[in-house]
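Asker: What follows is a single structure, and I will ask about it in a moment.
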Amino acid sequence: MPGGASALSETHGDWTVNCQISGTNKVCSLSHQQFNKRSNQRLLAIELSNKTGEDATGTLALPFGLALAKGVALTVDDQKLDGSLPFRTCQVIGCLVPVAFDANVTPLLKNGTTLKIDAFAADTGQVVTFSIPLNGFSGALARTAELLAN
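Going by our numbering, the final residue of the sequence shown carries number 149, and the count climbs one at a time with no gaps.
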């Protein structure tokens, strides 16, 4: 990493790239988080990693109170992505959904403006939509791949 640093954090638009070295292991990821302005409680987070800059895998953390059995559906701008993604588990940080974006989906994210996540409220069954801005996603993805390659 630059200057022999053991950790690095960079902002790319609405996304953050974090990289750290522990022994011989280097872990780099790109992430986005949103917080409630009044309580400062985290509403959602997504953390991804990649090797090539053409794909990304990771985890989406959503708040409690969602209908877990129904999973979530993803849309980039107006293009729905195939299928529903299941929740894996809920932990202190929220309910986790594994995500994997292949070389067909990643260009949509790089060129898109918003990733929308549709879930369902557990109590009412109503759709709850979360929006993640994609401003800076392309640069953050490329930088993560670059840091992992060096």
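Using N, Cα and C, we set each Cβ at its ideal position, and we do this for glycine too.
Does the beta-carbon distance from Ile131 to Val71 come in below 7 angstroms?
Answerer: It is not a contact, given that the beta carbons lie outside the stated cut-off.
Asker: Have a look at Ile92, Asp54, Leu84 and Phe136 and flag the residue whose alpha-carbon is nearest the alpha-carbon of Phe63.
Answerer: Comparing Cα positions, the closest option is Ile92.
Asker: How far does the beta strand (DSSP E) with Phe86 in it extend, from its first residue to its last?
Answerer: From DSSP, Phe86 is part of no beta strand (DSSP E); its letter is neither H nor E.
Asker: Between which residues of its own chain and Val126 is the CB-CB distance below 7 angstroms, once the five residues before and five after are set aside?
Answerer: Once the five neighbours on either side are set aside, the close Cβ partners of Val126 are Asp117 and Phe119.
Asker: Rounded to a whole number of angstroms, what is the C-alpha to C-alpha distance between Leu146 and Ser38?
Answerer: Those two C-alpha atoms are separated by around 34 angstroms.
Asker: Report the CB separation of Gly57 from Leu47 in whole angstroms; it is logged as a contact under 8 angstroms.
Answerer: With a Cβ gap of about 4 angstroms, Gly57 and Leu47 count as contacting.
Asker: In or out: Ala99 buried (at least 16 other Cβ within 10 Å) or exposed?
Answerer: Exposed is the call here.
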